Amino acid sequence: MVEVREGKKIRKVMVKSRSTINDILRELGYNREEVVVRLNGKIVAEEEELSRGDSIEVIRIVTGG
Amino acid sequence: MISPGERVAVAVSGGKDSVTLLHLLAELGEMKKFEVVAISIDEGIRGYRDRSIRVAKENTNSIGIEHVTGEFERYFGETLDGMVRLAKRKKMSLYPCTYCGVMRRYLLNKLAREVGATKLATAHNLDDEVQAIMLNYIRGDLSRLQRLGPVYFSREGFVPRIKPLREIPEKEVAVYALLRKFKVHLAKCPYATGIHTEIRDFLNGLEARHPNSKFMILRTFDSVKARLSLHSEEFETRSCKICGEPTSSDVCKSCKLLGELGLLRP
């Protein structure tokens, strides 16, 4: 299980072994082009693999205007 | 793009792209000996632009950069919110992005000229530029297509525009801004809807499935543009009969739009 936070919204998501941030983003309906991800407080590439207990922060960067 | 001794006006909204460009140019200016001045345009979008301009000012204050602001209300007699309300009352179909785009460019040029800038830098990134290419293709607007490029020299009265971040993907600008811990305003403009958003979503879907698509669209466009040698219609620069700003016709586009809204001052 990992925790995924976007603003005030927090979700707990089950992860399979060797799941990456990309897999989670896809599962939750995010486009990787439109977000930056912090894994346990550090900005990382979406290819990063996840471990149980990880905490992910999703920051939407596409704002427009 | 910029030579030593120049005075570069940077358009700063407070968003991640313009704040990043401001800091990069300020740092580069120290090394390469050119001056930087910030210009913000307050269109008057309540709860959005007021906040972003506050962030822009925090940034310019923190690095000691001269900062001027031009408000729609002061220069055009009404905020963008007010124009939208007015158009509704008059039962006109007003597309806020058209008014905002035309009048913001008008004010940016006017203020850049007034502060003595030799270049006007905007923070358009790769995503913005590719969206503009697609949009103008769809609209068949060759005149606007030919203006898309890293540097655009226009006519007398127009400050040459540069886009230093044109080849940098939006995501990379965001990562850089976050890593440098810049104060940025991350919010969506309440008026941002329509075809622009559809094109953006389409391109982001394409890029996620086929990485590098955006960059190739830009590169191909640049080479096609050079081969076609697209020319803008040759026009004589005149002064707008109403406001005196440079224009290709008797009355500039801003004054035309203001006239439609009944906002032209006598």
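For the protein sequence lines, the chains are A and B, in the order given. Position one of the first sequence corresponds to residue 1 (our numbering), numbered consecutively onward. Position one of the second sequence corresponds to residue 66 (our numbering), numbered consecutively onward. Here a beta-carbon is modelled for each residue, glycine too, at the ideal position from N, C-alpha and C. Please read all numbers here as calculations on a predicted model, not as lab measurements.
At a Cβ threshold of 8 Å, is residue 270 of chain B touching chain A? As a first step, residue 270 of chain B is located in the second sequence; it is residue number 205 there, counting from the start. Output row for residue 270 of chain B: interface = yes.
So, under 8 Å CB-CB, residue 171 of chain B and residue 301 of chain B are touching, yes? Tell me the CB distance rounded to an integer number of Å. The sequence position of residue 171 of chain B within the second sequence is 106, counting from 1. The sequence position of residue 301 of chain B within the second sequence is 236, counting from 1. Actually they are not in contact, since the Cβ atoms of residue 171 of chain B and residue 301 of chain B sit about 19 Å apart, beyond 8 Å.
For residue 10 of chain A, which three-state DSSP category applies? Position 10 of the first sequence, counted from the start, is the residue given in the question as residue 10 of chain A. In the structure shown, residue 10 of chain A sits in a strand (DSSP, three-state: E or B).
Kindly identify the DSSP beta-bridge partner or partners of residue 15 of chain A. Looking up residue 15 of chain A in the first sequence gives position 15. In the DSSP output, where bridge partners are listed per residue, residue 15 of chain A has none listed.
Is residue 252 of chain B close to chain A? Criterion is C-beta to C-beta, closer than 8 Å. The residue labelled residue 252 of chain B in the question sits at position 187 within the second sequence. Interface with chain A (8 Å Cβ-Cβ cutoff): residue 252 of chain B is included.
Partners in chain B for residue 34 of chain A, counting only beta-carbon separations shorter than 7 Å: The residue given as residue 34 of chain A occupies position 34 in the first sequence. Close partners of residue 34 of chain A in chain B (Cβ separation under 7 Å): 269.
Check each candidate in B/122, B/119, B/129 and name the one with the smallest Cα separation from residue 100 of chain B. For the purposes of this step, residue 100 of chain B is identified with residue 35 of the second sequence, where counting begins at 1. When each option's Cα is compared against that of residue 100 of chain B, the closest is B/129.
Beta-carbon contacts of residue 308 of chain B that lie in its chain and below 6 Å, excluding the five residues immediately before and after: Sequence index remark: in the second sequence, residue 308 of chain B carries index 243 (1-based). So the list reads 320, once near-sequence residues are dropped.
Just to check my reading of the structure: residue 46 of chain A and residue 60 of chain A have Cβ atoms closer than 8 Å, yes? What is that Cβ distance to the nearest angstrom? Position 46 of the first sequence holds residue 46 of chain A. Position 60 of the first sequence holds residue 60 of chain A. Residue 46 of chain A to residue 60 of chain A, Cβ: 14 Å. No contact.
When you compare the CB of residue 79 of chain B with every CB in chain A, is at least one pair closer than 8 Å? Within the second sequence, residue 79 of chain B is the residue found at index 14, counting from 1. No, because no Cβ of chain A sits closer than 8 Å to the Cβ of residue 79 of chain B.
For residue 37 of chain A and residue 50 of chain A, the rounded distance between their alpha carbons: Locating residue 50 of chain A in the first sequence gives position 50, counting from the first residue. Locating residue 37 of chain A in the first sequence gives position 37, counting from the first residue. Roughly 12 Å between the two C-alpha positions.
Within 8 Å of any Cβ in chain B, is that where the Cβ of residue 23 of chain A sits? Counting from one through the first sequence, the residue named residue 23 of chain A turns up at place 23. So, not an interface residue.
Determine the direct distance from the alpha carbon of residue 13 of chain A to that of residue 251 of chain B, and round the result to whole angstroms. Locating residue 251 of chain B in the second sequence gives position 186, where the first residue counts as 1. Locating residue 13 of chain A in the first sequence gives position 13, where the first residue counts as 1. Straight-line Cα distance between these residues: approximately 26 Å.
Taking residue 182 of chain B as the reference, give the member of B/280, B/224, B/228, B/90 with the closest Cα. To locate residue 182 of chain B, count along the second sequence from 1; it is residue 117. Of the listed residues, the one whose Cα sits closest to residue 182 of chain B is B/224.
Considering residue 132 of chain B, what are the terminal residues of the beta strand (DSSP E) in which it resides? Reading the second sequence from its first residue, position 67 is the one you call residue 132 of chain B. Run containing residue 132 of chain B: 131 to 136, per the beta strand (DSSP E) assignment.
Using a Cβ-Cβ cut-off of less than 7 Å, give me the residues of the stretch 37 to 53 of chain A that come near chain B, in sequence order. Within the stretch 37 to 53 of chain A, the residues whose Cβ lies closer than 7 Å to some Cβ of chain B are 43, listed in chain order.
If we count Cβ pairs, one from each stretch, closer than 8 Å, do we get three or more for the stretch 78 to 95 of chain B versus the stretch 197 to 206 of chain B? They do not touch, by the three-pair rule.
Measuring CA to CA, which of A/42, A/62, A/58 is closest to residue 7 of chain A? The count along the first sequence starts at 1 and reaches residue 7 of chain A at position 7. The closest CA to that of residue 7 of chain A, considering only A/42, A/62, A/58, is found on A/58.
By how many angstroms is the C-alpha of residue 35 of chain A removed from the C-alpha of residue 62 of chain A? To locate residue 62 of chain A, count along the first sequence from 1; it is residue 62. To locate residue 35 of chain A, count along the first sequence from 1; it is residue 35. Each residue's alpha carbon lies about 7 Å from the other.
Tell me which residues of the stretch 218 to 241 of chain B have at least one Cβ-Cβ distance to chain A shorter than 9 Å, keeping chain order. Sequence-ordered contacts of the stretch 218 to 241 of chain B with chain A read 234, 235, 236, 238, 239, 240 [C-beta pairs closer than 9 Å].
Do we get a CB-CB distance below 8 Å when we pair residue 20 of chain A with the residues of chain B? For the purposes of this step, residue 20 of chain A is taken as residue 20 along the first sequence, with counting starting at 1. Closer than 8 Å: no.
Can you give the Cα-Cα distance for residue 283 of chain B and residue 137 of chain B, rounded to whole angstroms? Within the second sequence, numbered from 1, the residue matching residue 283 of chain B stands at position 218. Within the second sequence, numbered from 1, the residue matching residue 137 of chain B stands at position 72. Distance from the CA atom of residue 283 of chain B to the CA atom of residue 137 of chain B, rounded to whole angstroms, is 33 Å.
Residue 107 of chain B - containing beta strand (DSSP E), residue span: Within the second sequence, numbered from 1, the residue matching residue 107 of chain B stands at position 42. From DSSP, the beta strand (DSSP E) with residue 107 of chain B extends over 100 to 107.
So, helix, strand or coil for residue 79 of chain A, using DSSP? For chain A, the structure presents residues 1 to 65; residue 79 of chain A sits outside this window and is missing.
List the residues of chain B whose Cβ lies closer than 9 Å to the Cβ of residue 10 of chain A, in chain order. In the first sequence, the residue the question calls residue 10 of chain A occupies position 10. Neighbours of residue 10 of chain A in chain B, taken as residues whose beta carbon is under 9 Å from its own, are absent, since the nearest beta carbon is some 19 Å off.
Mind checking if residue 84 of chain B is an interface residue toward chain A, Cβ cutoff 8 Å exclusive? Along the second sequence, one-based indexing puts residue 84 of chain B at 19. Among the residues facing chain A, residue 84 of chain B is not included, as its CB has no counterpart in that chain under 8 Å away.
Contact set for residue 98 of chain B: own chain, Cβ-Cβ below 8 Å, skip 5 residues either direction: Mapped onto the second sequence, residue 98 of chain B falls at position 33. Closer than 8 Å at the Cβ level, and outside the excluded window around residue 98 of chain B, lie 69, 70.
Residue 111 of chain B by DSSP, collapsed to three states: which one? Against the second sequence, residue 111 of chain B aligns to sequence position 46. In this structure, residue 111 of chain B counts as coil in the three-state DSSP scheme.
Reducing DSSP to helix, strand and coil, say where residue 188 of chain B ends up. By 1-based counting over the second sequence, the position of residue 188 of chain B is 123. Assigned with DSSP and collapsed to three states, residue 188 of chain B falls in coil, not helix or strand.
Please state the DSSP three-state secondary structure of residue 118 of chain B. The residue labelled residue 118 of chain B in the question sits at position 53 within the second sequence. Three-state result, residue 118 of chain B: helix.
Decide if residue 65 of chain A is buried, meaning its Cβ has at least 16 other Cβ atoms within 10 Å, or exposed. Residue 65 of chain A sits at position 65 when you count from the first residue of the first sequence. Note that residue 65 of chain A has pLDDT 46, beneath the 50 cutoff, so the model's placement of it is unreliable and the number below is only indicative. Residue 65 of chain A comes out buried.
Classify residue 141 of chain B: buried if its beta carbon has 16 or more other beta carbons within 10 angstroms, exposed otherwise. Within the second sequence, numbered from 1, the residue matching residue 141 of chain B stands at position 76. Result: buried.
Rounded separation between residue 323 of chain B and residue 186 of chain B - CA only: What you label residue 323 of chain B is simply residue 258 of the second sequence in a count that begins at 1. What you label residue 186 of chain B is simply residue 121 of the second sequence in a count that begins at 1. One C-alpha to the other measures close to 26 Å.
CA nearest to the CA of residue 163 of chain B, picked from B/176, B/148, B/177: Stepping through the second sequence from its first residue, residue 163 of chain B is reached at position 98. Closest in C-alpha terms to residue 163 of chain B, from the list B/176, B/148, B/177, comes B/148.
Does any residue of chain B bring its CB to less than 8 Å from the CB of residue 61 of chain A? Residue 61 of chain A sits at position 61 when you count from the first residue of the first sequence. So yes, residue 61 of chain A belongs to the interface.
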